[in-house]
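Engineer: Have a look at this one before I ask anything.
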Amino acid sequence: MLSLYNTKTRQKQEFTPLDPPFVGMYVCGPTVYGHSHLGHGKSYVSFDVLLRYLRYLDYKVRYVQNITDVGHLTDNADSGVDKLQKQAKLEKLEPMEIAEKYTASYFHDMDILGNLRPDISPRASGHIPEQIELVKTLIEKGYAYQAGGNVYFDVSSFPDYGKLSGRIGDDQRSGTRVCIADDKRDPRDFALWLEAGQDHILGWKSPWGRGYPGWHLECSAMAMRYLGETIDIHGGGLDNSFPHHECEIAQSTAATGKEFVRFWMHNNMVTVDGRKMGKSLGNFTLLRDLFQRWDPMVVRLYILRSHYRSPLDFSDEGLAGARSGLERLMSLRSRLGDHEAGASSQAATELVEKTEQEFKKFMDDDLNTPGALAAIFDFVRACNTLLEAKIKDADKHLMAALMDSLVTDVLGIELASGGSSGSSEDLCRILGELRGYLRKNKLFAEADKLRDDLSEAGFSVRDFPGGVSEVTPDI
RNA sequence: GGCGACGUGGCCAAGUGGUAAGGCAGUGGACUGCAAAUCCACCAUUCACCAGUUCGACUCUGGUCGUCGCCUCCA
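Throughout the first sequence, residue numbering follows the working numbering, covering 127 to 601 in sequence.
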């Protein structure tokens, strides 16, 4: 039975969808004004594993993840500059060119990290009518008020505001640096719609004049548009729980009178030397740069080696450890090969069953991927031990199928020898045969020269008794 | 100041009221022409510190110290 930690109740709860077997899942997507960094990687890998595990459990999941291409301001004063517009000026491009460029970059990075595409990736700019309707509803119901060309949510009209993040009342205000916009009734009030100034390129006609939506609004509008008024799971980074998710709850619940989200899930942050990785500190590592030095699957395994609700402190040592671990997994998968299914031995069957049970036990416990990986590594050792003796092809098939199912399908870690094309596979085979031939004929100097050269070129050699050698590309 | 999280071996990282998973690194052995890979064995009397509850706590309670996140935009 899958249990998930619900930020709303601050405890693990058994997960059941509102309308089984269907699951509606919404995750806050990126604001597309820059390339993705490792922090985005951790977040979206975490929820990708949730998606994959839910599907493994036979739920029919609709996964919606927005693309924020408007309305995200550089500061909280509600008079700040739109992030995309700022970047557009910097790059001398149209805001929508910036959005296109970094949306493509985002999908590219996530694809090679092994994340499945969301079923729907709605753009905020493509859902302005829905957002305007939502604002109208909130004004009609008395939860929002107009002040000139701006519309604000009236926080005092919504008593539950602050419940998700534990900010009850207004005592949290002392010591903060919240700038108070002149036309707000209460400093906690947040913008639903903002008037677009002269220099503001991104603007739409609305009942309140030309303007653009507040950042929080898009998620409410798009989540409800595609997943209904009550959604099963809403995810996002821990740093979004306040104020973003708090505002979403207020907007949506006020508009519909229904519970907006049943399970709130938040992943923890990537840190560098203990400090949060982020744009403001400038201590971020872009995924595209990371991929120059590390195989994307190394990065993915690195992320999954810690729990999604724990912070992950970035280090090369950690990545190196993940690479060794990945090599171990890939090495076993390659040893198992591709064989037909058949009558398997009792030992193999029991091992596979036990491993799957262990794996599920950990995953059911709030997606404990480090634990699940421990179960996998136990399995790897057991398989290698069995492989030391001759085992049936049917057993290999069974073991390989388990690796493919749990490691590749659920955890999303691709174990096939990395990206080698057909022709380079042929070359590896030929070079392996050459090394084997040289060893067989005791031409060790030549054989070792070949091994050294291959190593320098990024290939590893594995020798087997009887003059059989294998060449594989390094990861 | 308010809210919250965390502190487990050299590094990373799970976990449980009943006596510390797993990975990386390291050590010894097997295998090998030598390596690598793989296998076997070893590697925390101890879970920040101090009290308390308990037959028993690393796990529960209180306190201390330390680290971090949110309260501004941020995955």
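No residue lacks a Cβ here, since even glycine has one placed at the ideal position from N, Cα and C.
These numbers were taken from a predicted model, which means no experiment stands behind them.
Please determine, among L130, P146, D145, the residue with the shortest C-alpha to C-alpha distance to Q139.
Structural biologist: L130
Engineer: For E140, does the three-state DSSP call read helix, strand or coil?
Structural biologist: strand
Engineer: Just checking I193 against the ligand HEM - is the residue's beta carbon closer than 7 Å to any of the ligand's heavy atoms?
Structural biologist: For the ligand HEM, the structure offers nothing, since it holds no ligand at all.
Engineer: Go through its chain and collect everything with a Cβ distance to G159's Cβ below 7 Å, but skip five positions before and after it.
Structural biologist: Before going on, a small fix: residue 159 reads as Tyr here, not Gly. For Y159, where only same-chain residues beyond five positions count, the Cβ hits under 7 Å are K209, L210, Q213, I224, Y228.
Engineer: Give the C-beta separation of R431 and A448 to the nearest angstrom, bearing in mind that I take them to be a contact with Cβ-Cβ under 8 Å.
Structural biologist: With a Cβ gap of about 6 Å, R431 and A448 count as contacting.
Engineer: Beta-carbon separation of V149 and D358 under 8 Å?
Structural biologist: Yes, the pair counts as a contact, with Cβ atoms nearer than the cut-off.
Engineer: With N393 as the anchor, note down where its beta strand (DSSP E) starts and where it stops.
Structural biologist: Going by DSSP, N393 is part of the beta strand (DSSP E) stretching over 387-393.
Engineer: Taking 6 Å as the limit between beta carbons, can you name the residues of its chain near G468, skipping five residues before and five after?
Structural biologist: A520
Engineer: Checking the sheet assignment: what are the DSSP bridge partners for Q191?
Structural biologist: V153
Engineer: Just verifying my parser: in three-state terms, what is the DSSP assignment at L364?
Structural biologist: helix
Engineer: Cutting at 8 Å between CB atoms, please list the residues of its own chain near G337, excluding the five before and the five after it.
Structural biologist: Cβ within range, chain order: G275, N276, W319, L320, E321, A322, G329, W330.
Engineer: Span of the beta strand (DSSP E) holding A412?
Structural biologist: As written in the sequence, residue 412 is Leu, which differs from the Ala given in the question. Premise fails: L412 is in no beta strand (DSSP E) and is neither H nor E.
Engineer: I'd like to check one pair, L128 with L183: are the Cβ atoms closer than 8 Å?
Structural biologist: yes
Engineer: Name, in chain order, the residues that DSSP records as bridge partners for G337.
Structural biologist: E321, W330
Engineer: Under three-state DSSP, which class holds Q298?
Structural biologist: Low confidence applies here, because Q298 scores a pLDDT of 45, under 50, leaving its location unreliable; read the following figure in that light. Note: Q298 maps to helix in three-state DSSP.
Engineer: Which value, in whole angstroms, describes the spacing of the CA atoms of A615 and C509?
Structural biologist: In the structure as shown, the chain begins at 127 and stops at 601. Residue 615 is therefore absent and cannot be evaluated.
Engineer: Give me the Cα-Cα distance between D600 and L452, rounded to the nearest whole angstrom.
Structural biologist: 11 Å
Engineer: Where do the ends of the alpha helix (DSSP H) carrying P422 lie?
Structural biologist: 422-430 is the span of the alpha helix (DSSP H), which, as asked, contains P422.
Engineer: List the DSSP bridge partners of H163.
Structural biologist: The partner list for H163 (beta bridge, DSSP) reads L412.
Engineer: Is T356 helix, strand or coil when you go by DSSP?
Structural biologist: coil
Engineer: Residues in its own chain within less than 6 Å of G593 by CB, not counting five upstream and five downstream?
Structural biologist: G562, R565, K566
Engineer: Please name the residue in N494, V190, S457, S162 whose C-alpha comes closest to that of P248.
Structural biologist: In terms of Cα proximity to P248, the closest of N494, V190, S457, S162 is V190.
Engineer: Whole angstroms is fine: what's the gap from D535's alpha carbon to L493's?
Structural biologist: 15 Å
Engineer: When the Cα of L343 is compared with those of F368, I254, F410, which residue comes out closest?
Structural biologist: I254
Engineer: At which residues does the beta strand (DSSP E) containing D589 begin and terminate?
Structural biologist: 585-590
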